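Notes follow the structure.
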Ligand SMILES: Cc1cc2nc3c(=O)[nH]c(=O)nc-3n(C[C@H](O)[C@H](O)[C@H](O)COP(=O)(O)OP(=O)(O)OC[C@H]3O[C@@H](n4cnc5c(N)ncnc54)[C@H](O)[C@@H]3O)c2cc1C
Ligand code: SF4
Ligand code: SF4
């Protein structure tokens, strides 16, 4: 089962504003791109020459915040009440 | 809002709810903020609650709390590509279930906890993300949400693993990925009867299963499987630093884990209904932030109070116990009307007197020892090979078991290395 399919099962209260933003200029010199491996929700996808980011499926774990070696992320939780709403946990 | 509170609690998990409950019951004016739409909306775990903390706080929890099942069977498996070796612990079960494990699902359980907090007299406000702490000359005097300020004598930070506010307050200098484990999990729905038949449990009995070995491809960590009432929690926990260094993804490891025959058989026919992820602070004492300063105390995961020994992973009971200790400290401080750093030192004393800091000290070497990758790639294979050779009957005359074990150890590990690992591991679990 693909991550994408799993995320589609989750309940979210979608926020219109991104809670995490990437300073893409800094990603250019990042060789290892740990975010691509460390994000359990595949929010960071390796494209040919860059990493693309989307916040919608974020599981709010905080991994990317810790592993980004360049300090390229402005990281916050979504505004109160928005984002993932676990039904089981 | 101009009203001043005795205490503001940030976070409606076990640490925050326990502290708010204790303070409210003693008559303090308590406000708890939770960023989820309801307490539990953001929280996932394995998981089972161990120890007597729940009963101490809520004597009737067995009748009231949404417990899925009681752990009556605990298994530990070594997984290899060739097969597995399992230790299956199942005490004869009679009378009321013991305190040794209540399986709960956080979305329901934390919601229940927050209701108990309200019943105790505290105000619980959900869908509220605390953005910042209010500071006055180095002393924490409340919290800020957007443009609104809420003031209080004390703030208890029970915000969980990422500890954003604790960092903002300068209590914690940041964390390393080597001190964090990432957990990913699927909840897989299955009929109640199927679960009971498959796991050999009845009624409210339940199984907690831990797996180490090839399922994490050499990354420190393991797999887990817990039985809920009508679903299974199936997941992988892996050290974040090693995960990305090895260019592996926890989501892929989880898919592989589900395909191991031991696991596949148990989840067969189930339907995945939720996928979640969460970090666990597993660096032990070394990553513990400063626990308090003037007007503020840190409890639970935010203070890295988690015990992972390889055999057990406990955080919720540590969170509750630390929340209670923080609450008791604030209650005393309120009586003296002194919330200075010196007055809050009681918190550390209480944690030292109870099991929280004692266990953290007893197992202070464990996080380092658990990084020995042989635990995950080599030793499970050695155990399997020894048993394979003992049990195999190829028609030739047999060799004694100790000789077989000796030969496997000699070729796969080396005696010196085994001894040094065993010597180190005595400090581990
Ligand atoms: C995969 C996995 C398996 C686990 N298994 C077990 C197990 O079997 N047994 C066990 O005992 N422990 C287990 N744990 C650990 C356990 O879940 C934690 O130790 C425990 O939940 C910590 O409680 P807490 O109250 O400190 O933090 P949390 O439970 O994380 O609660 C923090 C709360 O604060 C809220 N919050 C955060 N920031 C803000 C803010 N700024 N404003 C408002 N609200 C905020 C969050 O939404 C959350 O509700 C496991 C953990 C994981 C990830
Ligand atoms: S780890 Fe950080 S710097 Fe590197 S690609 Fe990802 S976001 Fe960019
Ligand atoms: S917080 Fe977790 S889920 Fe969200 S983008 Fe970062 S790594 Fe991915």
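Residue numbers (the numbering used here), protein chains in the order written: chain B, 1 to 89; chain F, 90 to 518. Where a beta carbon is used, it is the ideal one built from N, C-alpha and C, also for glycine. Quantities reported herein were computed from a predicted structural model and do not represent experimental measurements.
Contact check for residue 311 of chain F against residue 323 of chain F fails: the beta carbons are separated by 8 Å or more. Taking 7 Å as the cut-off, one finds at least one heavy atom of ligand 2 near enough to the beta carbon of residue 70 of chain B.
For residue 296 of chain F, no alpha helix (DSSP H) segment is defined; the enclosing uninterrupted segment is the beta strand (DSSP E) at 294-302.
Residues of chain F with a Cβ closer than 9 Å to the Cβ of residue 30 of chain B do not exist, since the nearest Cβ in that chain sits about 12 Å away. Cα atoms of residue 474 of chain F and residue 352 of chain F: separation of roughly 21 Å, rounded to the nearest angstrom. Between the alpha carbons of residue 421 of chain F and residue 243 of chain F lies a distance of about 12 Å. In the displayed model, residue 18 of chain B falls within coil according to three-state DSSP, outside both helix and strand.
Residue 279 of chain F carries a coil assignment under DSSP once its states are collapsed to helix, strand and coil. Residue 419 of chain F: not part of any beta strand (DSSP E); member of the alpha helix (DSSP H) spanning 405-425, first to last residue. Under the DSSP definition of a beta bridge, residue 237 of chain F partners with F:234. Of all C-beta pairs linking the stretch 325-344 of chain F to the stretch 355-363 of chain F, fewer than three are shorter than 8 Å, placing the two stretches out of contact. Taking every protein chain shown into account, the CB of residue 389 of chain F has 16 or more other CB atoms within 10 angstroms, so this residue is buried. Neighbourhood of ligand 3, defined by CB distance below 5 Å to any of its heavy atoms: B:39, B:41, B:43, B:58, B:59, B:61, B:63, B:64, in chain order.
Against chain F, the beta carbon of residue 66 of chain B has neighbours under 7 Å at 264, 266, 269, 329, listed in chain order.
In this structure, ligand 1 has no non-hydrogen atom nearer than 7 Å to the beta-carbon of residue 83 of chain B. Here residue 120 of chain F is not near residue 247 of chain F, since their CB atoms are 8 Å or more apart. Placement of the Cβ of residue 338 of chain F at a distance of 7 Å or more from every heavy atom of ligand 1 is found. For residue 100 of chain F, the closest of F:497, F:214, F:483 by C-alpha to C-alpha distance is F:214. At least 8 Å separates the CB of residue 14 of chain B from every CB of chain F.
Residues of chain F with a Cβ closer than 7 Å to the Cβ of residue 63 of chain B are, in chain order, 271, 329, 368. Ranked by Cα distance from residue 27 of chain B, the first of B:53, B:82, B:84 is B:53. By the Cβ rule, the stretch 227-246 of chain F does not count as touching the stretch 280-289 of chain F, because fewer than three pairs are nearer than 8 Å.
Just so you know, the alpha carbons of residue 112 of chain F and residue 438 of chain F end up roughly 18 Å apart. Put simply, the backbone Cα of residue 209 of chain F is about 52 Å away from that of residue 170 of chain F. Assigned with DSSP and collapsed to three states, residue 84 of chain B falls in strand. Distance from residue 333 of chain F to residue 14 of chain B at the Cβ level is roughly 28 Å; contact not present, criterion being Cβ atoms closer than 8 Å.
Contact annotation: the stretch 382-400 of chain F touches the stretch 411-421 of chain F, with at least three C-beta pairs closer than 8 Å. Beta-bridge partners assigned by DSSP to residue 127 of chain F: none are found. For residue 174 of chain F, no alpha helix (DSSP H) run applies; the uninterrupted beta strand (DSSP E) run containing it begins and ends at 173-178, by DSSP. DSSP places residue 370 of chain F in the uninterrupted beta strand (DSSP E) bounded by 360-370.
In the DSSP assignment, residue 451 of chain F falls within the alpha helix (DSSP H) that extends over 444-451. Below the 7 Å Cβ cutoff, chain B contributes no neighbours of residue 233 of chain F, its closest Cβ being approximately 13 Å away. When beta bridges are read from the DSSP output, residue 351 of chain F appears opposite no residue. Any Cβ of chain F closer than 8 Å to the Cβ of residue 27 of chain B would place that residue at the interface, and such an atom is absent. Residue 74 of chain B counts as exposed, since fewer than 16 other beta carbons sit within 10 angstroms of its beta carbon.
The beta carbon of residue 255 of chain F sits no closer than 7 Å to any heavy atom of ligand 1.
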